[in-house]
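Enquirer: Okay, handing you the structure first.
In our numbering, the protein residues as written are 14 to 401.
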């Protein structure tokens, strides 16, 4: 390939009790994450000519033009921009879009950025969405957003396949075990299946410990050509395959409440492009907004058959030391969840592929699958990464 696109930088900002250390505006925390990623890539802000950003900040207002606003703040004038927002999976999609832009020569250095200060600002008010357009068919009846839709999917999955609340709890416990190995994780104290089962009910059958955290956070990924990476001595992570899809917004129009169709479509294309089998995947980082998200995603990605997700995660299979390393930084359930989590899946995968994950490092990681989910089980984007 004349211009192979690779990931060369990853960076984030430190958190304390779920808030950005030192505080700052949403633009400031994104700038810090961007600089960390560029330093990691051995590049400077002046090298950036592609900017990809998504978020819910500054809307209404300057956030309606997020790349323009952030570009102004960073002092850059990119010749390629992408503000695709399909929810928490947007950043996996951005990796694919940046790769296509780099390979076609639309840009040479792409910066993908996300940031949120929702915890500091106490601003996560999804329950206040106006009842307009497609929302008029759900919000008026009081469904809590977004947990209500996920709870409906969980209950349907239980009805069709016999999935249990204990099996969902296995996911939360395993993820917390990974978080205990991550000094940057917001929640590190051990929990048990009993703790999850007896935590505060949120939306039947989901309980508090089935639900992701609400934190601040900012992260960035830098991509360039393989030739440019070699010239700067940067550690390159190769993009082997990608895919994306979305199927609905309102949970009432989800094609099948017990199947994550968007993830099925996205991952199928990613595997076909990469030309690898499931057995070649050493590590999976997938969106864990809720425990049911993980279980349905594993089925949709093809690591187990529909309805077998509960059995697949049982016995702490996805915990440290288990046969299937999953969400190794502690995930959205225990590490952080600043509204749109897909960026942090990518950062963790890059660090694992480079062997830079410290105590939580998984042995012999050469190929990783990253999958983001957005909306109310609405969108999916998959990337397959390799360190060679």
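Glycine is no exception: its CB is placed at the ideal position from the N, C-alpha and C atoms.
For residue 125, does the count of other Cβ atoms within 10 angstroms reach 16, so buried, or fall short, so exposed?
Expert: With 16 or more Cβ atoms within 10 Å of its Cβ, residue 125 is classed as buried.
Enquirer: Between the beta-carbon of residue 359 and the beta-carbon of residue 105, is there less than 8 Å?
Expert: Yes, the Cβ-Cβ distance between residue 359 and residue 105 is below 8 Å.
Enquirer: Indicate the three-state DSSP secondary structure (helix, strand or coil) for residue 401 in the structure shown.
Expert: In this structure, residue 401 counts as coil in the three-state DSSP scheme.
Enquirer: Between the C-alpha atoms of residue 265 and residue 277, what's the straight-line distance to the nearest angstrom?
Expert: Spanning the two alpha carbons is a distance of roughly 19 Å.
Enquirer: In the DSSP output, what is residue 129 paired with across the bridge?
Expert: In the DSSP output, where bridge partners are listed per residue, residue 129 has 230.
Enquirer: From 148, 51, 15 and 64, pick the residue whose C-alpha is nearest to that of residue 25; which is it?
Expert: For residue 25, the nearest C-alpha among the options comes from 51.
Enquirer: With distances taken from CA atoms, which of 199, 93, 189 and 306 is nearest residue 208?
Expert: Comparing Cα-Cα distances from residue 208 to each of 199, 93, 189 and 306, the minimum goes to 189.
Enquirer: Taking the beta carbon of residue 149 as the centre, do at least 16 other beta carbons fall within 10 Å, making it buried, or is it exposed?
Expert: That one is exposed.
Enquirer: What are the boundary residues of the beta strand (DSSP E) that includes residue 198?
Expert: Run containing residue 198: none; DSSP gives neither H nor E here.
Enquirer: Looking only at its chain, what residues have a beta carbon closer than 6 Å to the beta carbon of residue 116, apart from the 5 residues adjacent to it on each side?
Expert: Excluding positions up to five away in sequence, the list reads 16 and 18.
Enquirer: Which term fits residue 318, buried or exposed, when burial requires 16 or more other beta carbons within 10 angstroms of its beta carbon?
Expert: When all chains shown are included, residue 318 counts as exposed.
Enquirer: How would you call residue 183, buried or exposed, if buried means at least 16 neighbouring beta carbons within 10 angstroms?
Expert: Residue 183 should be labelled buried.
Enquirer: With a threshold of 8 Å between beta-carbons, can residue 16 be considered close to chain E, or not?
Expert: Any reference to chain E falls outside this structure, which holds one protein chain only.
Enquirer: Within 10 Å of its beta-carbon, does residue 463 have 16 or more other beta-carbons around it, so buried, or fewer, so exposed?
Expert: Only positions 14 to 401 of the chain appear in this structure, which leaves residue 463 out of reach.
Enquirer: Taking all protein chains shown into account, do 16 or more other C-beta atoms lie within 10 angstroms of the C-beta of residue 108, making it buried, or fewer, making it exposed?
Expert: The residue is buried, with at least 16 neighbouring Cβ atoms inside 10 Å.
Enquirer: On the three-pair Cβ rule with 8 Å, is the region 153-171 touching the region 305-313?
Expert: The answer is yes - the region 305-313 touches the region 153-171, with three or more Cβ pairs under 8 Å.
Enquirer: Can you say whether residue 95 is buried or exposed, counting buried as having 16 or more other CB atoms within 10 angstroms of its CB?
Expert: Counting Cβ neighbours within 10 Å, residue 95 comes out buried, since at least 16 surround it.
Enquirer: Within 10 angstroms of the Cβ of residue 290, are there 16 or more other Cβ atoms? Answer buried if so, exposed if not.
Expert: So residue 290 ends up on the exposed side.
Enquirer: Pick helix, strand or coil for residue 115, following the three-state DSSP scheme.
Expert: Three-state result, residue 115: helix.
Enquirer: From which residue to which residue does the alpha helix (DSSP H) around residue 383 run?
Expert: That residue, residue 383, is in no alpha helix (DSSP H); its beta strand (DSSP E) goes 380-387.
Enquirer: Specify, as a first and last residue, the run of the beta strand (DSSP E) that residue 93 falls within.
Expert: It spans 93-95 - the beta strand (DSSP E) in which residue 93 sits, taken as one unbroken run.
Enquirer: Less than 8 Å between the C-beta atoms of residue 377 and residue 295, yes or no?
Expert: Going by C-beta atoms, residue 377 is nearer than 8 Å to residue 295.
Enquirer: With distances taken Cα to Cα, identify the nearest neighbour of residue 304 among 160, 237 and 134.
Expert: When each option's Cα is compared against that of residue 304, the closest is 160.
Enquirer: So, helix, strand or coil for residue 75, using DSSP?
Expert: Three-state result, residue 75: helix.
Enquirer: Classify residue 191: buried if its beta carbon has 16 or more other beta carbons within 10 angstroms, exposed otherwise.
Expert: Classification for residue 191: buried.
Enquirer: State yes or no: is the C-beta of residue 373 within less than 8 Å of the C-beta of residue 241?
Expert: Their beta carbons are not under 8 Å apart, which means residue 373 does not touch residue 241 by this criterion.
Enquirer: How is residue 366 classed by DSSP in three states: helix, strand or coil?
Expert: DSSP places residue 366 in helix when its eight states are reduced to three.
Enquirer: Hey, is the region 347-358 in contact with the region 321-336, meaning 3+ C-beta pairs nearer than 8 Å?
Expert: Output reads no: the region 321-336 does not touch the region 347-358.
Enquirer: Suppose only complete runs of 3+ residues qualify. What are the beta strand (DSSP E) ranges in the region 247-283, listed by chain order?
Expert: 250-259, all fully within the region 247-283.
Enquirer: According to DSSP, is residue 392 part of a helix, a strand, or is it coil?
Expert: It is a strand residue.
Enquirer: Does the separation of the CB atoms of residue 121 and residue 53 fall below 8 Å?
Expert: No; because the gap between Cβ atoms is not below 8 Å, this pair is not in contact.
Enquirer: Tell me where the beta strand (DSSP E) around residue 25 begins and ends.
Expert: First-last of the beta strand (DSSP E) with residue 25: 18-25.
Enquirer: Under 6 Å Cβ to Cβ from residue 380, same chain only, skipping five residues before and after it: list those, please.
Expert: Once the five neighbours on either side are set aside, the close Cβ partners of residue 380 are 293, 294, 295 and 399.
Enquirer: Kindly indicate which three-state DSSP category residue 371 falls into: helix, strand or coil?
Expert: The answer is helix: DSSP assigns residue 371 an H, G or I state.
Enquirer: Check residue 190 in the structure and name its three-state DSSP category.
Expert: Three-state DSSP puts residue 190 in a helix.
Enquirer: Going by C-alpha to C-alpha distance, which of 251, 206, 233 and 134 sits closest to residue 49?
Expert: Answer by Cα proximity: 233.
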